[in-house]
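Heads up: the sequence shown begins at 1 in this note's numbering, then just goes up one per residue. All C-beta atoms in this analysis are idealised placements derived from N, C-alpha and C, irrespective of residue type, glycine included. Right, one structure below, let's go through it.
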Amino acid sequence: MSEARQQSSIVGRPVPRKEGRAKVTGAARYVDDLTLPGMIYGATVRSTVARGRIKNITFGEGVPWDELTVVTARDIPGANAVALILLDQPYLASEFVNHPEEPIVLLAHPDKHLVERARRAVLVEIEPLPPVFTIEESAAKKEIVWGEDNTFKSYLVEKGNVDEVWSRDDVLIVEGEYRTGAQEQLYIETNGVVAVANADEGVTVWGSMQCPYYVHKALIKLFDLPEEKIRVIQTETGGGFGGKEEYPSMIAGHAALLAWKSGQPVKIIYDRAEDMAATTKRHPSLTRHRTAVTRDGKLAAQEIEFTVDGGAYATLSAVVLSRGTIHAAGPYYCPNVRINARAVATNAPPHGAFRGFGAPQSIFALERQMDKVARALDLSAEEFRRRNFIREGETTATEQIIREKVDMAGLLARAFELSGYEEKRGRFARENAGRGKVKRGIGFATFMHGAGFTGSGEVFLQSIVGCEASSDGRVHILAASTEIGQGTNTIFAQIAAEALKLDYDMVEVSRPDTASVPNSGPTVASRTCMIVGKLVESAALGLRQTLQGAGLLAEVYTADEWREACRRHTERHGALKSFSQYKAPPDVVWDDGKYRGDAYGAFAWAVYVAEVSVDLVTYDARVEDFVAVQEVGRVIHPVLAAGQIEGGVAQGVGYALYERVAWREGRMANSQMTNYIMPTALDVPPIRVHFEETPYPYGPAGAKGIGELPMDGPAPAILSAVEQATGVAFTHIPLMPEDLMKELGDARD
Ligand code: MOS
């Protein structure tokens, strides 16, 4: 990169976030701020049992039913299935229910309070069928609750031959079993939509969502209407974390069905309890590891059985499982790897996308297992890692050759230096031997996270981004990628401004509206910056090429010359637009059948260090300090990037130590923020974020993905630290005070 470019750079500067002012002043309009004339309010009547057959629906007394709009499965104009990967999940159950929050009847009325009273007055009589609630019961086919064998999806990754290794006499074999719990996304703004629907105009929905085109696709099927009759508009969105990836298709369909039948605009906003109980959460998981290592501490074989609980319907389990599978063997080189992965059905509400997409689950298991293997070898956790870190030219579990400059040992050294790891490790060991009731520990995790859709995913998506320049020279980015608090609009504007050498203020990002933006794919999978950002960059450069090709703009230009060129071009030819479509970088090859090859265009690499204290009287485990070191390619916006890491670490702290879903017969029993405990500001440690920047040649301005990465490392690092503090190698999360008490016994004198 030239000196001149670095100086003029907009990329790498903490410019004001595009929608920041509107959010701070309250001008930003979220879906619940929207009111349309004649709008009525919708509510959902749900199943009362986990699994059963619907016998009868009665509408109780004391409700003016003729004033209400009532929708059941019979009112659906098209297909009664939420179109995503499979068509197994109904919008409204008609005969069978498969989880305790399954929607059966929809109601709407102008009076919110009446509609709530009516909801409680609907009596659904269900003949119960035997349910399945655990991974083990489902895998053992205690009951078949989905398909032929309760399996939504399975993958097999085979590298080398693990079977030949087990009988060798020069290896040590270590086995382990690890579990992770469900986790609620806890975006600040709950799910909500407003819908207008009628035969003349078709269906329009406004809502809080990550993926407008997913909703668009689902509504086409639900209403059996041509695509131009369906319009989906994203309203300002208060967080997603994966939780608004698939569920908005459900709630949008519900509001639209009520609008279709009533002829009036319908708003549905979930309250916190309904949102927590009924919408998707992170997949619980069970991972078994069998690892063979040579006496000199080199991985010889890894056999990994990774199973996730998908809940009652397929939703996105296949892709969550896929990412979890590919990350299950981590940033280590091992010549022989077998990963058997499976997503199974239970009678809980479907589990879904949540930041990290299965990788936090499988990485938790792997990192705990790596610590266990190191112990068996009598090596330090760090020395064992150093001997096995993957290096440039080596292959991952899917035999992807790492072509990036990767230096995990360097990141580890940096993280240790910033955290004072070695000094603290020694000091805590000495102090913990004393009589104090507060024990301390420091631990770490080393990991990677792939950016973009897995395998051929991006090729199938064929994402498109547009850029339009108006006659005054302002540049508008047209993409379906949503701003959900993570900074999409800001970084897109930076990338385009940088590419065109214009001021940041000259670039705006249009609101995602399927009537006016092309499909740049879903806002998921750490793809927005690296994949879609690259398309923003090339679409922006397309504008410049058009102007230069027309002889209106010189190679080097000022902002005024740019404006003048845009003015002249639009006068002569009308709208000045440029589109860019995804093309895989060269040499990215993936075999979907064998599950082998280049799983991701690039990985982000990281080492996280956590320091904890464990109080042996209260059994309170606290994270006292946290260092997050990562290599993410070029950092587009240092404040937003650090914010992504800090937020992810906070979510990881909750995942590890606080957030426990209490399941009762497949239902979340603690669906309130008073009893589902998430970390508050007081529970989040100082988080010191450090970026190493190795520009990635195929990313915009050299950037890679960042969004999911910080979710992967905290839990294993924290449990490793708890292990030093307590001497117990815990193997499950969330690790609650009651778990610590049970294991550590009564430490009071
Ligand atoms: Mo998603 S878990 O929003 O990639």
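What are the residues that DSSP puts in a beta bridge with residue i?
| i | result |
| --- | --- |
| Asp625 | Glu611 |
| Arg596 | Asp591 |
| Asn198 | Gly202 |
| Phe96 | Arg53 |
| Leu156 | Asn340 |
| Val291 | Reading off the sequence, residue 291 comes out as Thr, not Val. DSSP output for Thr291 lists Val174 and Gln302 as bridge partner(s). |
| Ala234 | In the sequence as presented, Ala is not what sits at residue 234; that position holds Gln. Per DSSP, Gly207. |
| Ser285 | Thr180 and Val308 |
| Glu631 | Trp605 and Glu692 |
| Trp663 | Met668 |
Have a look at the options and flag the residue whose alpha-carbon is nearest the alpha-carbon of residue i.
| i | options | result |
| --- | --- | --- |
| Glu175 | Lys159, Ser262, Ala376 and Ala118 | Ala376 |
| Ala252 | Met408, Tyr557, Arg288 and Tyr213 | Tyr213 |
| Ile706 | Gln548, Asp407 and Met448 | Met448 |
| Ile85 | Leu316, Lys55 and Val589 | Leu316 |
| Ile491 | Gln644, Val609, Arg355 and Val157 | Gln644 |
| Glu399 | Asn336, Lys704, Gly727 and Glu164 | Asn336 |
| Arg430 | Asn56, Ile54, Thr726 and Arg74 | Thr726 |
| Gly751 | Cys467, Glu201 and Thr307 | Residue 751 is absent from the structure shown; the chain starts at 1 and stops at 749. |
| Glu392 | Pro331, Glu305 and Ser471 | Pro331 |
| Gly240 | Ile677, Gln486, Val509 and Arg563 | Gln486 |
| Gly654 | Glu692, Ile733 and Tyr595 | Ile733 |
| Arg282 | Arg338, Met209, Arg368 and Gln185 | Gln185 |
| Val589 | Val319, Lys583, Ala599 and Gln581 | Ala599 |
| Ala642 | Pro128, Pro586, Pro686 and Met668 | Pro686 |
| Met736 | Asp615, Pro16 and Phe96 | Asp615 |
| Arg323 | Glu102, Ser526, Phe133 and Trp166 | Ser526 |
| Pro586 | Lys229, Ser419 and Tyr698 | Tyr698 |
| Val31 | Ile268, Ala604, Val63 and Leu411 | Ile268 |
| Ala182 | Tyr557, Pro360 and Glu19 | Pro360 |
Along the beta strand (DSSP E) that carries residue i, what are the first and last residues, could you check?
| i | result |
| --- | --- |
| His449 | Val438 to Ala451 |
| Cys467 | Ile464 to Ala469 |
| Pro103 | Pro103 to His109 |
| Thr784 | Past the boundaries of the shown model lies residue 784; the chain is included only from 1 to 749, so the question cannot be answered. |
| His476 | Val475 to Leu478 |
| Ser578 | Leu576 to Gln581 |
| Ile40 | Ile40 to Arg46 |
Hey, could you find the ends of the alpha helix (DSSP H) residue i is sitting in?
| i | result |
| --- | --- |
| Val71 | No alpha helix (DSSP H) holds Val71; the beta strand (DSSP E) holding it covers Thr69 to Val71. |
| Gln486 | That residue, Gln486, is in no alpha helix (DSSP H); it is neither H nor E in DSSP. |
| Pro128 | First-last for Pro128: Val122 to Pro128, but that is the beta strand (DSSP E), not the alpha helix (DSSP H). |
| Val344 | Not the alpha helix (DSSP H): Val344 falls in the beta strand (DSSP E), residues Val337 to Ala345. |
| Val556 | Counting along the chain, Val556 falls outside any alpha helix (DSSP H), and DSSP gives it neither H nor E. |
Assuming residue i contacts residue j (C-beta within less than 8 Å), just tell me the rounded distance between them.
| i | j | result |
| --- | --- | --- |
| Ala197 | Ala259 | 4 Å |
| Leu543 | Leu500 | 7 Å |
| Gly297 | Phe384 | 6 Å |
| Gly666 | Pro100 | 5 Å |
| Pro518 | Leu478 | 6 Å |
| Gly311 | His254 | With 8 Å as the limit, Gly311 and His254 do not qualify as a contact, their Cβ atoms being about 19 Å apart. |
| Lys153 | Leu286 | 16 Å between Cβ atoms; not a contact. |
| Asn150 | Ala345 | 5 Å |
| Ile484 | Gly533 | Actually they do not touch by this definition, with Cβ atoms about 15 Å apart. |
Could you pull out every residue in the same chain whose Cβ sits closer than 6 Å to the Cβ of residue i, ignoring the five residues on either side in sequence?
| i | result |
| --- | --- |
| Val754 | Any question about residue 754 goes unanswered here, given that the chain covers just 1 to 749. |
| Glu3 | Only weak support is given to the placement of Glu3: the predicted model assigns it a pLDDT of 40, under 50, and the question is left unresolved by the model. |
| Asp749 | Here Asp749 scores only 49 on pLDDT, less than 50, and its place in the model should not be relied on; the value that follows carries that caveat. Excluding sequence neighbours, Asp749 sits near nothing in its chain. |
| Gln89 | Val82 and Tyr313 |
| Leu68 | Leu107, His109 and Ala118 |
| Val162 | Ala301, Glu303, Asn336 and Arg338 |
| Ala662 | Ala669 and Asn670 |
| Ala73 | Asn80, Leu92 and Ser94 |
| Met1 | Its pLDDT being 39, under 50, Met1 is placed unreliably by the model, and the measurement read from it follows with that caveat. Excluding residues within five positions, none has a Cβ falling inside 6 Å. |
| Val266 | Ile40, Gly42, Ala108, Ala195, Ala255, Leu258 and Ala259 |
If you drop the 5 nearest sequence neighbours on each side, which residues of the same chain put their C-beta closer than 8 Å to that of residue i?
| i | result |
| --- | --- |
| Arg21 | Ala27 |
| Met741 | Tyr619 |
| Val612 | Arg440, Gly441, Ile442, Gly443, Ala621, Arg622, Val623, Glu624, Ile718, Ala721, Val722 and Ala725 |
Contact criterion: CB-CB distance below 8 Å. Does residue i meet it with respect to chain D?
| i | result |
| --- | --- |
| Ala599 | No chain D appears in the structure shown, which is made up of a single protein chain. |
Please go through the same chain and pick out, in chain order, the residues whose beta-carbon is closer than 7 Å to the beta-carbon of residue i, but skip the five residues on each side of it.
| i | result |
| --- | --- |
| Arg29 | Thr235 and Glu236 |
| Gln6 | With a pLDDT of 46 at Gln6, under the threshold of 50, the predicted position of this residue should be treated as unreliable, and no value is reported. |
| Val684 | Ala650 and Val653 |
| Asn191 | Ser208, Lys244, Tyr247, Pro248, Ile251, Tyr270, Asp275 and Thr279 |
| Asp75 | Leu257 and Lys261 |
| Arg13 | none |
| Arg46 | Glu101, Glu102, Pro103, Ile104 and Ala278 |
Do residue i and the ligand GTP come close, with the Cβ less than 7 Å from some heavy atom?
| i | result |
| --- | --- |
| Glu245 | Judged by which ligands are present, the ligand GTP is missing from the structure shown, whose ligands are the ligand MOS. |
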